[in-house]
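For the sequence shown, the residue numbers in mature numbering (1 follows the signal peptide of the UniProt record, and there is no 0) are -23 to -1, 1 to 293. Here a beta-carbon is modelled for each residue, glycine too, at the ideal position from N, C-alpha and C. Model, not experiment: these values are computed from the prediction.
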Amino acid sequence: MGRWSRVLLRATMLCFYIASLQADRDKRMASGTDVEQEEVPYQVSFRFIEQDRHLGSGAILNVRYIITQASFIWKLLRTYPEQPLSTLARIRFGQVELKSKADDQFRSIHSYTYHPLFDFEAARNDIALVRTLEYIEFNRFVQPIVIRKGFIPEGSAVMYTDWGAEKDTAAQDEYKEKLQKLDARAISNDLCKELLSPWDLQDLVYDTRVCIYTNGTGSICTGNVGGPLVVIEDGQPQLVGVMSYVYRACNSYVPGGFERLWNHYEWITKTSTIDYSYVNFGEMCRAVRNVAAQLLMQNKESVRRRRAMKNSMQTP
């Protein structure tokens, strides 16, 4: 894209933004769509142990580690200062229905680690790694996701998934009962700053940010914390970022900000490395076999579909 094309694109998006200020205030909806578990097997729900109530989201990195928003953990522990995270919350896997009573896979929390340069006030380096007490059992609905290596181009199609409300004043019992996805485009940090400048928030767009924009078709809303931002390449999701902030929640003409994980790739991989001297290999091998069996099943299904398509094309 040439220089003048970029200028025109930014001017057009700013015009849409200005027009939105005159739009009906009731049009402040998340406008997400339902997600099936097969689409997002990496998504998890942090839940209160006692009330079994959703707290925030995260994404599976391997058989022991979840990545999420550091601010989410920080605020939770500030709210309940007398309780360690391990007795306050647990993690649910393989379920998109927020209020489902199914006996799904749960794991206790062993420990958590903030990014060493995490700054709550500035919302910088806003990621944390949570280690489970038991190994995560992979299956069709529970699988890890790989971190995207490198940057994504401006204008790339991205997908954000989370639970949450459709209005900024909603209580939790008004949250969507099923996991929602929001399709958006990645925008440059310069454009993100321009769109946030009316509220003097442009200084919060750092080099480690990924900003997304929907141009009025949807927005990140109340209750969305820690959720994964992914890009799909060759049919496979790659983890780009973790939800960090949204200003004027539910306004679909205001960009949302994510912590770009590629900037922290070395720290993430080093911190989430499993100490194999303490590994229960029987348990771990079962998890690996489950993943291998699932991948084999998916490969067979893909071959079957290609053959069926080829045969249909050859039929006179």
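So the alpha helix (DSSP H) residue i belongs to, where does it begin and stop?
i           : result
Y183        : Neither: Y183 is in no alpha helix (DSSP H) and is coded neither H nor E.
residue 311 : This structure leaves residue 311 out entirely; the chain is present only between -23 and 293.
A47         : A47 to T56
L238        : Premise fails: L238 is in no alpha helix (DSSP H) and is neither H nor E.
Which value, in whole angstroms, describes the spacing of the CA atoms of residue i and residue j?
i    : j    : result
V135 : A47  : 22 Å
I124 : Q60  : 32 Å
D81  : S22  : 11 Å
S165 : T138 : 21 Å
E243 : L168 : 28 Å
I86  : R24  : 11 Å
V107 : A66  : 11 Å
Y91  : P58  : 17 Å
N240 : K126 : 9 Å
L273 : N116 : 12 Å
L53  : T109 : 18 Å
I129 : E210 : 11 Å
I104 : I245 : 9 Å
W140 : S77  : 13 Å
A148 : W51  : With a pLDDT of only 49 at A148, under 50, the local geometry of the prediction cannot be trusted, and the value read off the model is given with reservation. About 21 Å.
D177 : K170 : 9 Å
Near residue i, which residues of its chain fall below 7 Å by C-beta distance, leaving aside the five closest residues on each side in sequence?
i    : result
G218 : V187, L206, F235, E236, R237 and L238
E74  : E154 and K155
L216 : A36, I122, V123, I124, R125, P205, V207 and L238
R69  : V21, S22, R24, D81 and F83
Give every residue of the same chain whose Cβ lies closer than 8 Å to the Cβ of residue i, excluding the five residues on either side of it in the sequence, and list them in chain order.
i    : result
S174 : none
Got a sec? Which residues, its chain only, sit under 6 Å from residue i by beta carbon, not counting five neighbours each side?
i    : result
G203 : G33, S34, G35, T45, Q46, F49 and M220
F95  : A47 and N102
A100 : S221 and Y222
T248 : T90 and L106
N39  : P121
Give me the Cβ distance between residue i and residue j, rounded to the nearest whole Å; I'm assuming they're in contact under 8 Å.
i    : j    : result
I251 : R41  : 6 Å
Q120 : Y19  : 6 Å
Q14  : F118 : 5 Å
A163 : E131 : 6 Å
I26  : T64  : 7 Å
From what residue to what residue does the beta strand (DSSP E) around residue i run?
i    : result
S85  : Q82 to Y91
K158 : Q157 to I164
S22  : Q20 to F25
L32  : H31 to I37
L62  : Taken as a continuous stretch (DSSP letters only), L62 belongs to no beta strand (DSSP E), being part of the alpha helix (DSSP H) at L62 to L65.
P205 : P205 to E210
Y112 : Looking at the DSSP string, Y112 is not in any beta strand (DSSP E), and its letter there is neither H nor E.
T138 : A134 to D139
> Would you call the stretch 7 to 26 and the stretch 158 to 165 in contact, with 3 or more CB pairs under 8 Å?
Replying inline: At 8 Å Cβ cutoff, the stretches touch.
>> Contact between the stretch 18 to 31 and the stretch 178 to 186 is defined here as three or more beta-carbon pairs at a separation below 8 Å; is this criterion met?
In response: These segments do not touch.
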